[in-house]
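In the working numbering, the protein residues as written are 3 to 338.
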């Protein structure tokens with residue numbers, strides 16, 4: 003009778019352990035789905051920790067089949083028991099792996115995919131090494147809350163900001179974040195065209211003596227609209243450094259829209275000239291040139307723009323497929 007109770011207790015003990023293991027599986031599946039790269043790196047960290055701290059071989063096939071001993075090849079289970087590596091051994095190591103995974107993954111993910119929220123309307127998202135996408139939000143007259151993309155680029159010569167965000171408050175928050183986190187001076191600002199989502203905070207830049215680049219067309223439109231113009235206007239192209247180039251491809255979303263090319267990072271900031279993947283129409287505004295829009299975008303298919311990341315003016319970044327997508331939308335659009 004006592005022996006039966008002992009066996010029942012042992013069965014219950016193992017069932018409890020197995021239930022604990024399987025209870026973690028849904029969490030692991032969800033974690034894997036959203037953090038695959040970080041988890042793989044975390045697993046490598048855990049494996050190295052096992053080898054260094056525990057002195058254990060984490061290759062389970064090696065644990066079962068140690069080819070250096072013929073006896074163990076014949077009966078690997080007996081060999082593992084002989085070494086003290088029973089089922090309990092592997093469960094302990096499984097929980098060590100889980101602990102290491104959850105501890106290591108957040109640290110590894112930091113700076114890779116974390117979104118920084120300065121304010122409900124001001125977000126910063128890492129895009130590449132020393133390049134961030136800033137996203138500012140504004141509710142437009144039809145009631146939609148529209149996100150607007152810009153860039154923060156850290157170089158050896160300082161920080162360059164591309165587009166100000168919708169409001170002066172947005173611009174100031176971005177400047178404060180750069181000062182507190184990047185600890186480098188803002189040496190240049192770029193406005194990609196003359197609309198409010200691009201240069202709504204230009205006064206903040208100019209008050210801080212930041213050189214502001216934009217096309218001559220943008221400067222002219224700003225003056226006519228009673229706005230502060232960029233104080234470093236250019237005609238067709240400007241090179242701020244080996245890492246930042248500005249080009250005017252032609253009219254499209256606006257007559258003055260320019261693009262920003264980062265050759266080292268292989269990032270093309272298309273601004274509002276480029277539409278996001280979920281855009282179903284060009285959605286032209288007053289001053290858009292629907293007739294020439296596709297032709298202007300087609301110039302970005304030049305081999306010099308071998309971009310790996312393309313950032314539209316609104317919506318999520320993508321690849322060079324966004325260029326083709328915008329050309330298709332332009333071919334279907336009717337002149338306004």
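Glycine residues also receive a C-beta, built at the ideal position from the N, C-alpha and C atoms. Because the structure is a prediction, the values reported are computed rather than measured.
Asked                                                                                                                    : Found
Residue 281, enclosing beta strand (DSSP E) - first and last residue                                                     : Taken as a continuous stretch (DSSP letters only), residue 281 belongs to no beta strand (DSSP E), as it is neither H nor E.
Whole-Å CB distance - residue 155 paired with residue 126, under 8 Å assumed                                             : Between residue 126 and residue 155 the Cβ distance is about 13 Å, and since that is not below 8 Å, they are no contact.
Three-state class that DSSP yields for residue 200 in the structure shown                                                : helix
Stretch-stretch touch, CB-based, cutoff 8 Å, three pairs: the stretch 163-171 with the stretch 191-210                   : yes
Limits of the beta strand (DSSP E) - the one that residue 121 falls within                                               : 118-121
Paired residues, beta bridge with residue 247 - DSSP                                                                     : 241 and 263
Which listed residue (175, 283 and 216) has its alpha carbon closest to that of residue 242                              : 216
Same chain, Cβ closer than 7 Å to residue 70, neighbours up to 5 away in sequence not counted                            : Note on residue 70: pLDDT 40, under 50, position unreliable in the model; the coordinate value appears next. So no residue of the chain qualifies.
Near the ligand GTP: residue 146 beta-carbon under 8 Å from a heavy atom                                                 : The ligand GTP is not part of the structure shown, which contains no ligands of any sort.
Anticipated Cβ contact below 8 Å, residue 148 with residue 316, distance rounded                                         : 6 Å
Span of the alpha helix (DSSP H), counted from its first residue to its last, around residue 176                         : 170-179
Within 9 Å, strictly: CB atoms of residue 139 and residue 123                                                            : yes
Minimum C-alpha distance to residue 260 - residue among 141, 323 and 195                                                 : 195
Start-to-end residues for the beta strand (DSSP E) that takes in residue 190                                             : 188-192
Buried or exposed (CB count within 10 angstroms, at least 16 for buried), residue 191                                    : buried
Candidates 336, 135 and 188, of which the one nearest residue 285 by Cα                                                  : 336
Bridge partner(s) assigned by DSSP for residue 135                                                                       : 127 and 153
One or two residues paired with residue 140 in a DSSP bridge                                                             : 148
Proximity of residue 129 and residue 319 at Cβ, strictly below 9 Å                                                       : yes
Nonlocal neighbours in the same chain, by C-beta distance under 7 Å from residue 263, ignoring five residues either side : 247, 249, 270 and 307
For residue 289, the three-state DSSP class (helix, strand or coil)                                                      : coil
Reference residue 176, options 238, 135, 273 and 265, closest by Cα                                                      : 135
Beta carbon of residue 267 nearer than 9 Å to that of residue 151                                                        : no
Three-state class that DSSP yields for residue 166 in the structure shown                                                : coil
Outcome for residue 288 when other beta-carbon atoms lying within 10 angstroms are tallied against a minimum of 16       : exposed
Minimum C-alpha distance to residue 174 - residue among 121, 296 and 225                                                 : 121
N- and C-terminal bounds of the beta strand (DSSP E) containing residue 311                                              : 311-314
Alpha-carbon to alpha-carbon, residue 207 and residue 213                                                                : 8 Å
Residues bridged to residue 257 [DSSP beta-bridge criterion]                                                             : Residue 257 is not bridged to any residue.
First and last residue of the uninterrupted beta strand (DSSP E) at residue 323                                          : Residue 323 -> not in any beta strand (DSSP E); alpha helix (DSSP H) instead, spanning 323-334.
Same chain only: Cβ atoms within 6 Å of residue 238, ignoring 5 sequence neighbours per side                             : 250
Through-space distance from residue 186 to residue 226, alpha-carbon basis                                               : 34 Å
Residue 270 in three-state terms, based on DSSP                                                                          : strand
Helix, strand or coil at residue 320 according to DSSP, with G and I counted as helix                                    : strand
Range covered by the alpha helix (DSSP H) that runs through residue 307                                                  : Segment: none, residue 307 is in no alpha helix (DSSP H) and carries neither H nor E.
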